[in-house]
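Trainee: Numbering (my numbering), first residue to last: 306 to 467.
Pasting a structure here, questions to come.
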Amino acid sequence: VPLPRTGGGDFAGGGASGEFAEGLGASLSNAASGSSSSTLGDLASGAADAVAGSDEGAVVVVPVVAIFLIGAALILGAGSLAMLFFGWDVLLAVAVELAFSVATARAAMGVEREGWLGTAVRLTWKPLLGALLCAVLLGATIDHFLPQANSLPEAVRIIRGL
306 VPLPRTGGGD
316 FAGGGASGEF
326 AEGLGASLSN
336 AASGSSSSTL
346 GDLASGAADA
356 VAGSDEGAVV
366 VVPVVAIFLI
376 GAALILGAGS
386 LAMLFFGWDV
396 LLAVAVELAF
406 SVATARAAMG
416 VEREGWLGTA
426 VRLTWKPLLG
436 ALLCAVLLGA
446 TIDHFLPQAN
456 SLPEAVRIIR
466 GL
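So, in structure tokens, the structure goes:
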């Protein structure tokens, strides 16, 4: 099946005196009925001409894309400069502090809504239980391996050999 070819043409322009005797509706009806093989080519050519002649869309799209690209370049440039100036360790510390401040702010909002005592118990019972278990485990380990030590600093002195 040979591919349809367009007949070429010139760019003489229609101007205000241009005439659309056989418009898009007639081309679509001819293409739907399958009356001629060149109708599909004419329809595709008309669509390509419509896309090529869409200057109105370019007036809106080009500035929007340009503003987006300039904004992206500024953001990436500022990030690169901050990375060069401060380095990874400082930016990581800032990110961790920011995460802690967000968590603290959320907890503070919860305190205002629920009351301070209930929130304090709800937020601290698990960490306190973990600290208690670690302290008991450390004391039992010191008592088992260093029975002569009476305190943690004394156990550290015995281990260091002082």
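All C-beta atoms in this analysis are idealised placements derived from N, C-alpha and C, irrespective of residue type, glycine included.
Quick check: the Cα distance between residue 410 and residue 388, rounded to an integer number of angstroms?
Mentor: Their backbone Cα atoms lie some 27 Å apart in a straight line.
Trainee: So residue 436 and residue 447 are in contact, right, with Cβ under 8 Å, and what is the actual spacing, rounded?
Mentor: Not a contact, Cβ separation roughly 16 Å.
Trainee: Taking the alpha helix (DSSP H) that residue 420 belongs to, which residues open and close that run?
Mentor: No alpha helix (DSSP H) holds residue 420; DSSP gives it neither H nor E.
Trainee: Check whether the Cβ atoms of residue 443 and residue 434 lie closer than 9 Å to each other.
Mentor: The answer is no: Cβ separation not under 9 Å.
Trainee: If you draw a straight line from the alpha carbon of residue 396 to that of residue 428, how long is it in whole angstroms?
Mentor: For residue 396 and residue 428, the distance between alpha carbons rounds to 28 Å.
Trainee: Should residue 460 go down as buried or exposed, given a rule of 16 or more other Cβ atoms within 10 Å for buried?
Mentor: Burial call: buried.
Trainee: Quick one: what's got a C-beta closer than 6 Å to residue 463's C-beta in the same chain, skipping five residues either side?
Mentor: Around residue 463: 451 and 454.
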